[in-house]
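Residues 1 to 377, numbered by the UniProt record's numbering, are exactly what the sequence shown covers, in order. Positions of the beta carbon are idealized from the N, C-alpha and C atoms, including for glycine. If you're wondering where the values come from, they're calculated on a predicted model, not measured in any experiment. Here's the structure, in structure tokens; my notes come after.
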Amino acid sequence: MDLTYTEEEEDFRARLRGWLAGVLPALPPKPAPDDWPGRRAYDAGWQRALHDAGYAGVHWDASPTLRLIFLEETERAGAPYVGANFVGLLHAGPTIAAEGTPQQRERWLPPILRGDEIWCQGFSEPDAGSDLASLRTRAVRDGDAYVVTGSKIWTSHAEVADWCELLVRTDPQAPRHRGISWLAMPMDAPGVTVRPLRTLAGSAEFAEMFLDEVRVPVANRVGAENDGWRVTMVTLSFERGTAFVGEVVACRRVLAELAHRARRSGRWDDPVLRRRLGRLSAEFAALWRLTQWNVSEAQGAGGVPGVGGSVFKLRYSQARQELYEAAAQVLGAQALVLDEPWVADRLSSLSYTIAAGTSQIQQNIVAERILGLPKGG
Ligand SMILES: Cc1cc2nc3c(=O)[nH]c(=O)nc-3n(C[C@H](O)[C@H](O)[C@H](O)COP(=O)(O)OP(=O)(O)OC[C@H]3O[C@@H](n4cnc5c(N)ncnc54)[C@H](O)[C@@H]3O)c2cc1C
């Protein structure tokens with residue numbers, strides 16, 4: 001893999017850097033962490049600005065190198081990340097692009113790119129997390145609609161979403177992986193109830209979702225009926241393989257800030273802390289290289305990331321937790337104050353080894369699908 005930049009790529013970087021320098025000072029102030037309507041408006045507004053400047057599709061159709069340059073430059077300039085657009089831009093949209101019909105792509109992709117419509121993910125259920133294929137939310141065909149009844153949990157951004165990528169059971173008699181379908185459900189349909197759940201840091205970033213005879217048009221099914229498990233694997237490969245890429249750049253910035261603060265506060269004299277930060281720096285440099293490799297592999301495989309995403313997700317989620325543990329060491333007693341920088345991030349880092357498939361599940365995937373070890377009991 002060639003990691004040097006061409007003249008054209010450096011031009012792209014310079015143009016983007018110039019645009020960011022002009023546009024970022026005019027951004028409105030960031031809304032409070034728990035002001036979800038405000039956060040939606042802020043994130044959608046930023047997506048709209050990217051769209052109008054011709055950068056909205058970078059995550060989808062630019063070359064891997066341009067994507068990575070985009071992430072490096074937006075992070076370096078302190079630009080907002082995808083925020084509430086996470087599901088739409090980073091896994092529902094790419095799934096529809098890969099698996100949807102031309103009409104579905106036409107209907108759903110442009111509003112995601114413009115920041116007009118926000119998506120959430122309705123996969124997990126109270127008894128179907130790691131064992132997702134045991135999901136029970138039922139969809140019964142009635143004319144040109146499915147009537148959907150059941151409940152979902154941990155649905156991030158459900159409160160502000162317009163659409164939900166929803167997994168339902170369309171054939172309860174079939175073996176469990178073969179009776180599932182992937183639907184796009186409008187969140188304002190009658191029968192959808194969203195009940196927010198509060199995290200450790202006090203934010204209601206996800207919710208329970210109750211579905212009571214919700215009518216979803218059959219035309220909103222992506223992929224064939226009962227072929228939803230295969231479509232789900234496409235969604236998860238985007239979610240694990242490429243969706244966290246931008247965050248690696250952010251972690252490298254946090255690491256530099258930690259070193260700076262440690263120097264100012266005198267903690268830099270502690271050799272254990274210096275060794276810890278040094279090891280993390282090497283770790284994130286390696287993760288960035290792995291990211292470059294994964295993104296370019298995905299491009300070579302028609303755009304859908306492979307199982308290497310599990311290796312990345314496994315290591316990245318643990319490294320992120322170690323990063324914020326180091327932050328606590330730098331902060332000392334201030335690490336107990338929620339408003340201090342990095343403290344809320346430290347709390348939320350705990351969720352990284354659970355969300356998008358737990359570390360144990362990623363280890364199972366690596367063991368079985370990469371190392372060829374026998375399936376666990
Ligand atoms: C911040 C956050 C955001 C989320 N957002 C969404 C979202 O938007 N949409 C959505 O659908 N879901 C979302 N989730 C849910 C997430 O996908 C699940 O929490 C995750 O898949 C684990 O499922 P579970 O919580 O039911 O745990 P369980 O599956 O009950 O697992 C409990 C424990 O058992 C272990 N375990 C289970 N099976 C095995 C096995 N076969 N081998 C070894 N160990 C095993 C697990 O690793 C874990 O430690 C989110 C979760 C978090 C934390």
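Expected contact under 8 angstroms - CB spacing of residue i and residue j to nearest Å
{"i": "Arg13", "j": "Glu75", "result": "With 8 angstroms as the limit, Arg13 and Glu75 do not qualify as a contact, their Cβ atoms being about 13 angstroms apart."}
{"i": "Arg141", "j": "Thr149", "result": "Rounded, the Cβ-Cβ distance is 13 angstroms, inconsistent with contact."}
{"i": "Trp342", "j": "Tyr316", "result": "Not confirmed; about 17 angstroms, so no contact."}
{"i": "Ala44", "j": "Ile118", "result": "7 angstroms"}
{"i": "Arg276", "j": "Ala326", "result": "5 angstroms"}
{"i": "Val248", "j": "Trp293", "result": "Contact flag wrong, Cβ pair sits at about 12 angstroms."}
{"i": "Leu132", "j": "Ala79", "result": "With 8 angstroms as the limit, Leu132 and Ala79 do not qualify as a contact, their Cβ atoms being about 34 angstroms apart."}
{"i": "Ala204", "j": "Ser348", "result": "At roughly 13 angstroms, the Cβ-Cβ gap does not stay under 8 angstroms, so Ala204 and Ser348 are not in contact."}
{"i": "Leu314", "j": "Val254", "result": "About 20 angstroms; that fails the 8 angstroms criterion."}
Where residue i falls, given that 16 or more other Cβ within 10 Å makes a residue buried
{"i": "Ser336", "result": "It is Leu, not Ser, that sits at residue 336 in the sequence shown. That one is exposed."}
{"i": "Asp212", "result": "exposed"}
{"i": "Ala26", "result": "exposed"}
{"i": "His157", "result": "buried"}
{"i": "Thr4", "result": "exposed"}
{"i": "Gln121", "result": "buried"}
{"i": "Glu8", "result": "exposed"}
{"i": "His260", "result": "exposed"}
{"i": "Thr65", "result": "buried"}
{"i": "Ala174", "result": "exposed"}
{"i": "Val272", "result": "exposed"}
{"i": "Gly300", "result": "exposed"}
{"i": "Gln103", "result": "exposed"}
{"i": "Gly18", "result": "exposed"}
{"i": "Thr6", "result": "exposed"}
{"i": "Glu239", "result": "buried"}
Whether residue i touches residue j by CB criterion (8 angstroms)
{"i": "Val234", "j": "Thr101", "result": "no"}
{"i": "residue 379", "j": "Val194", "result": "The question about residue 379 has no answer, for the chain in this structure spans 1 to 377."}
{"i": "Ala145", "j": "Met187", "result": "no"}
{"i": "Gly54", "j": "Leu113", "result": "no"}
{"i": "Leu236", "j": "Ile180", "result": "no"}
{"i": "Phe312", "j": "Leu290", "result": "yes"}
{"i": "Ser151", "j": "Phe70", "result": "no"}
{"i": "Trp36", "j": "Glu125", "result": "no"}
{"i": "Asn85", "j": "Gly115", "result": "yes"}
{"i": "Pro33", "j": "Ala344", "result": "yes"}
{"i": "Trp182", "j": "Thr232", "result": "yes"}
{"i": "Ala97", "j": "Leu89", "result": "no"}
beta-carbon residue i near ligand 2 non-hydrogen atom, thresh 7 angstroms
{"i": "Lys152", "result": "Ligands present in the displayed structure are limited to ligand 1, and ligand 2 is not among them."}
To test your reading of the DSSP string, which unbroken alpha helix (DSSP H) runs of 4 or more residues are found completely within the region 84–163?
93–99 and 102–114, all fully within the region 84–163.
At a cut of 8 angstroms, does the region 204–222 reach the region 152–168 through at least three beta carbon pairs?
Contact between the region 204–222 and the region 152–168 is present, because at least three Cβ pairs lie under 8 angstroms.
With contact counted as at least three CB pairs below 8 angstroms, one residue from each stretch, are the region 236–245 and the region 352–363 in contact?
Yes, since at least three Cβ pairs between the region 236–245 and the region 352–363 fall closer than 8 angstroms, the two stretches touch.
Are the region 218–233 and the region 46–54 in contact at 8 angstroms, needing three or more beta carbon pairs?
In short, these stretches do not touch, since the Cβ pair count stays below three.
Every unbroken alpha helix (DSSP H) within the region 304–343, with a cutoff of 4 residues, ordered by chain
Given a length threshold of 4 residues, each whole run of the alpha helix (DSSP H) inside the region 304–343 is given here in chain order: 308–331.
Do the region 359–374 and the region 300–310 meet, that is, are 3 or more Cβ pairs less than 8 angstroms apart?
Contact check between the region 359–374 and the region 300–310: three or more CB pairs, one atom from each, fall below 8 angstroms, which counts as touching.
Quick one: which unbroken alpha helix (DSSP H) runs of 4-plus residues sit fully inside the region 243–267? Chain order, please.
As far as the region 243–267 is concerned, its whole alpha helix (DSSP H) runs of at least 4 residues are 245–265.
What are the start and end residues of each continuous alpha helix (DSSP H) run of 4 or more residues lying completely inside the region 49–85, in chain order?
Runs found: 58–61 and 64–76.
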